[in-house]
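Engineer: So the sequence shown is numbered by my numbering: it starts at 124 and just counts up by one.
One structure, as structure tokens, below. Some questions next.
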Amino acid sequence: MKNKLVILIGPPGSGKGTQALLLADKKKMTHLEVSKLLEKKFLGTSKEDIIKIGKKEYSLKEQERRWRNGLLCEDEFVAEVVRESLGKMQKRDDSVLLDGYPRTVNQAELAVPSLLDFYKQSDILVVYLDVGEEESLERNKNRRVCSLMRHSIISLPETKNLSICPVDGSPLEKRVMDDPETIKVRLREFREKTAPILEYMESKKITVARVDGVGTISDVFFRVLQETESFNI
Ligand SMILES: [Zn+2]
Numbered sequence: 124m125k126n127k128l129v130i131l132i133g134p135p136g137s138g139k140g141t142q143a144l145l146l147a148d149k150k151k152m153t154h155l156e157v158s159k160l161l162e163k164k165f166l167g168t169s170k171e172d173i174i175k176i177g178k179k180e181y182s183l184k185e186q187e188r189r190w191r192n193g194l195l196c197e198d199e200f201v202a203e204v205v206r207e208s209l210g211k212m213q214k215r216d217d218s219v220l221l222d223g224y225p226r227t228v229n230q231a232e233l234a235v236p237s238l239l240d241f242y243k244q245s246d247i248l249v250v251y252l253d254v255g256e257e258e259s260l261e262r263n264k265n266r267r268v269c270s271l272m273r274h275s276i277i278s279l280p281e282t283k284n285l286s287i288c289p290v291d292g293s294p295l296e297k298r299v300m301d302d303p304e305t306i307k308v309r310l311r312e313f314r315e316k317t318a319p320i321l322e323y324m325e326s327k328k329i330t331v332a333r334v335d336g337v338g339t340i341s342d343v344f345f346r347v348l349q350e351t352e353s354f355n356i
């Protein structure tokens, strides 16, 4: 299982976060969460810090400002941060689980060339957690987060009676931003911007495994494992 890359993609409410934690743990993969990667990148940056990509210069402070204001960082900048991080992974033997990236076809177009610098096509697997919009909506309506690490707990029969986070034991709170309209917007964004990545990846001869994301956490996890194991991960 040396040096493989799994890219996990799923709509809001697909349980992607939970499956990512399980998979990384079970398969001893390095879990690369791009939002956390950016957060780390921004730690202790000063006004003068720039990243040069091609001929263009990107101010870290400016990217941080966008990020903190809920705007997306520029695609080229994120691609470079991911590339840098994947480069470091090459010195280790563990496979990598890429979570939360790419989110748009444009990001994928920027990401794939550098992914292919580090991995053979046959070593990259995209796992898509397939959950219908009705189901997503229902699960998201009752989503909670833990107060300590903000682990997201979606609404499933086996999480319904939880009052503390199964990972760190902190109390769960309801996520206020998740009114149905917000969720519908996020689902639409996913459908229009993120889902087309799957076809793009296939056009680049990268394997996409579509996994039925409906069922209990362990049902879905077994399906995910079937796919990764048939990929020798
Ligand atoms: Zn937690």
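Quick reminder that beta carbons are idealized off the backbone N, C-alpha and C, glycines included.
Alpha carbons only, please: which of Glu-325, Ser-278 and Lys-164 is nearest the one belonging to Ile-247?
Structural biologist: Taking only the C-alpha atoms, the option nearest Ile-247 is Glu-325.
Engineer: Can you list, in chain order, the residues of its chain whose CB lies under 6 angstroms from that of Met-272, leaving out five sequence neighbours each side?
Structural biologist: So the qualifying residues of the chain are Asp-291.
Engineer: Pick from Lys-150, Glu-304, Glu-232 and Tyr-242: whose alpha carbon is nearest that of Leu-321?
Structural biologist: Minimum Cα distance to Leu-321 is reached at Glu-232.
Engineer: Would you check if the distance between the CB atom of Val-268 and the CB atom of Leu-239 is smaller than 8 angstroms?
Structural biologist: Cβ atoms of Val-268 and Leu-239: not closer than 8 angstroms.
Engineer: May I ask which residues mark the beginning and end of the beta strand (DSSP E) holding Asp-335?
Structural biologist: Where Asp-335 is concerned, the enclosing beta strand (DSSP E) stretches over 330-335.
Engineer: With DSSP as the reference, label Val-235 as helix, strand or coil.
Structural biologist: Of the three classes helix, strand and coil, the one that applies to Val-235 here is helix, per DSSP.
Engineer: Go ahead and label Phe-345 buried or exposed: buried means 16 or more other beta carbons lie within 10 angstroms of its beta carbon, across all protein chains shown.
Structural biologist: It counts as exposed.
Engineer: Enumerate in chain order the residues of its own chain whose CB-to-CB distance from Glu-203 is below 7 angstroms, with the five nearest sequence positions on each side excluded.
Structural biologist: Hits under 7 angstroms: Ile-174 and Ile-176.
Engineer: Would you list the residues sitting across from Cys-269 in a DSSP beta bridge?
Structural biologist: Its beta-bridge partners are Leu-295.
Engineer: Which residues bound the alpha helix (DSSP H) around Asp-148?
Structural biologist: Counting along the chain, the alpha helix (DSSP H) containing Asp-148 begins and ends at 139-149.
Engineer: So, is Asn-263 buried or exposed, given that buried needs 16 or more other C-beta atoms within 10 angstroms?
Structural biologist: Flag for Asn-263 reads buried.
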